[in-house]
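This report refers to the structure that appears directly beneath it.
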Amino acid sequence: MRSGLKKGLWLAVLTALFSGVANYANKFTLTAVGDPLVHTTLKNALVGLLIVSFLVISKKLPKLRQLSKREISLLVVIAIVGGSIPFYLFFGGLAQTSAINASLIHKTLVFWVALIAIPLLKEKVSSWQWGALGLIFSANLLVGGFKSFRFSQAELMILGATWLWAIENVIVKKVLRRVDPDIVVGARMGLGSVVLLAWVVIEGKAQLMTQLTLFQYGLIGFTSLLLLGYVATWYRALKLVPVTQVATVLTVATLVTNGLTAVEKQAFPFQQVAVMVLVVAGVWFFSLWAVEGRVGKGVRAPFATE
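Everything in the sequence shown is counted per my numbering, starting at 1447 for the first residue and increasing by one.
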């Protein structure tokens, strides 16, 4: 049980790394491509194609026939709530705000997930873990967090996407009890891409998808690989670890985005260091309680090897 939790935590750490780099890189890619819907659709479609190809090669595709009508319905919901609409909202908002602001709003995901998962999935969050979440929240405030939140259209779009992804997290956690993670990822990205492609056609932007330069396609390809790594590790982490735990570890992505931004600007103020300490401490103590069930002398680190 403990080894499974630790494996899941490590997968969540990898997910956070992919997310942090992607938050930074997507801002440049989105600026280069110009249209958020075209950018998101091409990126997601490429990931969907890669995952479906993997399902064919690994001979997992026939598993679809074993799914119940309810499971198929939930996969469609995941594709809509997680793999299409929130992507458009998030990247539409990102086109109008900074990568750091977008990352900060997105990393409130852990609080929304906790609010849903505790009553619906019966997940337990101890007083120690709430304290750890408090440290993470303090880090967001210290970095400028919600003082600069103006309720602009861009920020509300990103917040709306975050709410939808929080709902998706809980649905996925339930579905993964019976369905292969690769099947769920394939449905999310494959069916989600179909929805986005239909959206592109309806808005009359299909022609824009064929008018990009080789450089723009290259940027989309790079961010597609980051997204592929994100969804592959994220769903596997959800299979092994409580959804509140995975969402907590994902807050580390903010550190990655902030760090890359600091390197770009060649500035690394004390405030950034303080934020990193608070986030790492919060994630560490939350994970420590999740794995060991207690905090005290002699407790091993949550990511230690056996």
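Ideal Cβ positions, reconstructed from N, Cα and C, are used throughout, including at glycine.
How many Å lie between residue i and residue j at the Cα?
i	j	result
L1696	K1505	31 Å
T1703	L1496	26 Å
T1461	G1675	7 Å
W1456	L1654	39 Å
L1463	I1503	27 Å
I1551	F1537	13 Å
I1562	L1684	15 Å
M1603	K1452	34 Å
W1611	A1458	16 Å
G1466	G1577	24 Å
K1515	P1508	15 Å
G1606	P1532	7 Å
G1705	Q1657	34 Å
K1553	S1598	18 Å
V1698	V1556	11 Å
L1567	K1620	8 Å
V1498	Q1512	17 Å
R1623	L1579	26 Å
Y1663	P1565	43 Å
S1449	V1646	44 Å
E1614	Y1681	11 Å
P1688	F1661	40 Å
L1581	T1543	25 Å
V1709	L1488	29 Å
Run through DSSP, which three-state label would residue i get?
i	result
P1532	helix
L1672	helix
G1466	helix
S1544	coil
Q1653	helix
L1660	helix
V1556	helix
K1570	coil
R1624	coil
K1593	Unreliable positioning characterises K1593 in this predicted model, as indicated by a pLDDT of 48, which lies under 50. The coordinate reading is nonetheless provided below. If DSSP states are grouped into helix, strand and coil, K1593 belongs with the helices.
A1747	In this prediction, A1747 scores a pLDDT of 42, lower than 50, which makes its location untrustworthy; the coordinate-derived value is nonetheless stated afterwards. In this structure, A1747 counts as coil in the three-state DSSP scheme.
Given a cut-off of 8 Å on the beta-carbon distance, is the pair residue i and residue j in contact?
i	j	result
E1517	V1618	no
I1526	A1633	no
A1548	N1469	yes
F1486	Y1534	The sequence given here places Thr at residue 1486; Phe does not occur at that position. Taking 8 Å as the Cβ cut-off, T1486 and Y1534 qualify as a contacting pair.
T1679	N1472	no
T1694	E1569	no
E1601	L1483	no
V1630	L1510	no
L1671	G1529	no
N1490	L1642	yes
D1628	L1476	no
V1479	I1666	yes
V1677	M1635	yes
V1571	V1616	no
D1481	K1711	no
For the alpha helix (DSSP H) that residue i lies in, which residues bound it at each end?
i	result
T1700	1698 to 1711
E1517	1515 to 1527
D1628	1627 to 1648
G1606	1599 to 1621
Q1691	1689 to 1695
Taking 7 Å as the cut-off, is the CB of residue i close to at least one heavy atom of the ligand HEM?
i	result
V1522	Looking at this structure, you won't find the ligand HEM or any other ligand, since it has none at all.
Legend entry - 4-residue-minimum alpha helix (DSSP H) runs that sit fully inside the stretch 1448 to 1505, ordered along the chain: Within the stretch 1448 to 1505, the complete alpha helix (DSSP H) runs of at least 4 residues fall at 1448 to 1479, 1482 to 1503.
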